[in-house]
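Per my numbering, residue 119 is the first one in the sequence shown, and the count goes up by one each step.
Taking it in order: structure first as structure tokens, then the write-up.
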Amino acid sequence: MSSRNEPRPSKAERTAKAREAAKVIREAQLKKEKRNAWLIRGGVLAAAVAIIVIIALVVINTQKANEPVAETGNVPANANAYGGVTVGKDGAIIAPTTTEKTVDVKTVVAPTAEATSVAAPEKIGIKASASGEPAQVVIFLDFMCPACNSFEQAYGPQLDGLRNEGKVTVEYRALPFLDRFSSGTNYSSRSAAAAACVVDQSPDKYKAFVDSLYVNQPAENSKGLDNAKLKKLATEAGAADIGSCVDAKTYRPYVAYAGALAGSAGVNATPTVFVDGQQWMPETVNQFGTFLTTVLDAKK
């Protein structure tokens, strides 16, 4: 039958039906709003948890970086007991003349007053070389020190050229002087210890790793590169895996000893540089290149 024969709903029935439809729509809207509220709460909670996790990781990593370091430790293979690594022609590491296998920070006598120069460099293995031998260049550095990076950029090529000609050897002594400028992560110590790991395991890659640390040098007052990045840079430089060496802080005592020894001898800033037993004093001879040439010419 045609719908025209069906009885028409009364006004009351139409009103009731409209109210029922409105109720269904309203309940659906309330359910949607409730679901969205839970999603928002869940998102906020997840974000809060993520922030807490990040903060916890930062705190844990900082605590690990600040865990006490042993006062005694081993000298890395291919490095000397003064904290130095000597590089010769074509980046080859020159065997150290010191015989000590371990170091102890407690044996270093603290300076009684701040020095302006190193009074007795021979006590820390710095001296003029014999006639006919390459001149010894010793660079006290800190891998977070921007002035050290500037020095390397300005004079590194000149030193590399002289080194490859057999006229000089270049000894790097990495110090922890700027640990206080790495927001509690002791970056200076960690990077120097990583370099010690490299020279111990992959001496032929040491210079490449040093160069990489300068290229990737963090800003002062930052946290510095984390250990994972230091390990990656070592691998990219061609070194063997230094992961366990870094994680165990194997050469942190060695770095601490090198810093204490340098400070005791009168080294109070980086870079501090010696050529053939003579200390470069920038306030006297502004350009290191001039100082270097003068010393080498006098040696001829």
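Note that beta-carbon positions come from the ideal geometry of N, C-alpha and C, so glycine has one too.
Tell me the rounded alpha-carbon separation between Q335 and M262.
6 Å
Determine the direct distance from the alpha carbon of R291 to that of R308, and round the result to whole angstroms.
14 Å
Less than 9 Å separating the beta-carbons of A312 and C363?
yes
On the three-state DSSP scale, how would you describe L280?
helix
Spatial distance of F327 from A228 (CA atoms)
31 Å
If we call anything under 9 Å between Cβ atoms a contact, is T287 one with I360?
no
Look up R144 in the DSSP assignment and give the residues it is bridged to.
Answer is none; R144 lacks a bridge partner.
With DSSP collapsed to three states, give me the class of G384.
coil
Nearest neighbour of T234, chosen from V223, P264 and S382 [CA to CA]:
S382
Using 9 Å as the threshold, is the C-beta distance between V203 and V317 below it?
yes
Every unbroken beta strand (DSSP E) inside the segment 256-319 [3 residues or more]
286-292
As a quick exercise: from Q319, K341 and I244, pick the residue whose alpha carbon is nearest that of S301.
K341
Can you look up I211 in the DSSP assignment and give me helix, strand or coil?
strand
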